[in-house]
Amino acid sequence: MADLNRIVAGIRQFDANSATSSSVASMADVKQIFANNASILREIGSANAVFKRDLYSAKKMIPTRDTKDTPAFSTLMNLSKGYEVWVAYQNKNQAMAQKCINNARGSFSSFSRCSISDLPKTAQNEIIGRQKLTEAWNAWKTWQVKYGYA
Numbered sequence: 021m022a023d024l025n026r027i028v029a030g031i032r033q034f035d036a037n038s039a040t041s042s043s044v045a046s047m048a049d050v051k052q053i054f055a056n057n058a059s060i061l062r063e064i065g066s067a068n069a070v071f072k073r074d075l076y077s078a079k080k081m082i083p084t085r086d087t088k089d090t091p092a093f094s095t096l097m098n099l100s101k102g103y104e105v106w107v108a109y110q111n112k113n114q115a116m117a118q119k120c121i122n123n124a125r126g127s128f129s130s131f132s133r134c135s136i137s138d139l140p141k142t143a144q145n146e147i148i149g150r151q152k153l154t155e156a157w158n159a160w161k162t163w164q165v166k167y168g169y170a
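Per my numbering, the sequence shown starts with residue 21, numbered consecutively.
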């Protein structure tokens, strides 16, 4: 459960760090935001790998159907898969941003133009990345409500 909490905290931290992009004033600000996000994504990926490993290690002890004590193995595994997909799509967006940073050669306006041209793809990646995660979280929340944990 500690790894799951690390993952959730990481996503919150990622979202908070990304929200600071509305106040960037220089390429140094841009580079810092994306460096922070890269670090956060690595931490989330690492925590998820441990979470997934622990799930497989305990698979025989986790029920195949939801119980009062624990969600089904598939519910937990779908959370892990949701995180993997989310991280993968965030990494795609990071790569596009890094391309814009590299091509801008220190020019904030060049970076901004590049980022704006990538916005449709970035938005699409955001939607796709969150879809599986949202579905997994909804199943988790359903278990919590059903058994009085929420």
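We treat Cβ as the ideally placed atom computed from N, Cα and C, and that holds for glycine.
DSSP three-state call for residue i: helix, strand or coil?
i: Tyr169; result: coil
i: Gly126; result: coil
i: Ala45; result: coil
Measuring only the C-alpha atoms, how far is residue i from residue j?
i: Lys166; j: Ala156; result: 15 Å
i: Asn158; j: Ser127; result: 42 Å
i: Lys141; j: Pro83; result: 39 Å
i: Ser100; j: Gln144; result: 21 Å
i: Asn11; j: Leu96; result: No information on residue 11 is available, as it lies outside the stretch 21 to 170 that the chain covers here.
i: Leu75; j: Phe93; result: 8 Å
i: Thr40; j: Gln52; result: 10 Å
i: Phe54; j: Ile60; result: 10 Å
i: Trp106; j: Thr154; result: 10 Å
i: Arg125; j: Ser132; result: 12 Å
i: Val44; j: Tyr169; result: 40 Å
i: Gln33; j: Ile64; result: 10 Å
i: Glu104; j: Gln151; result: 12 Å
i: Leu24; j: Asn98; result: 12 Å
i: Pro91; j: Gln110; result: 27 Å
i: Asp35; j: Ser130; result: 24 Å
i: Ser46; j: Lys119; result: 17 Å
Would you say residue i reaches chain B, if we count a Cβ-Cβ gap shorter than 8 Å as a contact?
i: Val107; result: Included in the structure is just one protein chain, with no chain B present.
Kindly give me the distance between the Cβ atoms of residue i and residue j, rounded to whole angstroms, as I take these residues to be in contact under 8 Å.
i: Met116; j: Asp138; result: 5 Å
i: Ile27; j: Phe71; result: 7 Å
i: Gly102; j: Ala67; result: Actually they are not in contact, since the Cβ atoms of Gly102 and Ala67 sit about 13 Å apart, beyond 8 Å.
i: Asp86; j: Trp163; result: 5 Å
Checklist line | 4-residue-minimum alpha helix (DSSP H) runs that sit fully inside the stretch 59–126, ordered along the chain | finding: 93–124
Margin query: My parser needs the alpha helix (DSSP H) runs of 4 or more residues fully inside the stretch 132–156; what are they?
Written below: none
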